[in-house]
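Engineer: Residue numbers (our numbering): 262 to 342.
Each residue gets a CB set at the ideal place from its N, CA and C atoms; glycine is no exception.
All of these numbers come straight from a predicted model, not from anything done at the bench.
1. Answer with buried or exposed for residue 284, where buried requires no fewer than 16 other C-beta atoms within 10 angstroms of its C-beta.
2. Measuring only the C-alpha atoms, how far is residue 292 from residue 270?
3. Could you tell me the boundaries of the alpha helix (DSSP H) in which residue 330 lies?
4. How long is the line joining the alpha carbons of residue 296 and residue 320, rounded to whole angstroms?
5. Consult DSSP for residue 293 and reduce its assignment to one of helix, strand or coil.
6. Tell me which same chain residues have a C-beta within less than 8 Å of the C-beta of residue 286, skipping the five on either side of it?
7. How is residue 310 classed by DSSP in three states: helix, strand or coil?
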């Protein structure tokens, strides 16, 4: 974990930008969330290489534990699957 931000319409930070080729995760804390991801074109559908091999895939065992780790991790922590 190298950076952790809390984004909210009630806080001064309402958006962020990630450097290219940087793994990032988004952990929604409410049911109502808008996520807008902009990438240079042309559009190409996501492939397996777009996802970290060390993170559980959606619906797999371990997702709950990973989300808990995201919520509780501190700067400098490393996720060990």
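Structural biologist: According to the structure shown:
1. Looking at its Cβ environment, which holds fewer than 16 other Cβ atoms inside 10 Å, residue 284 is exposed.
2. Looking at the two C-alpha atoms, the distance is approximately 14 Å.
3. Where residue 330 is concerned, the enclosing alpha helix (DSSP H) stretches over 324–333.
4. Looking at the two C-alpha atoms, the distance is approximately 20 Å.
5. Residue state, collapsed to three classes: coil.
6. The answer, listed in chain order, is 316, 331.
7. It is helical.
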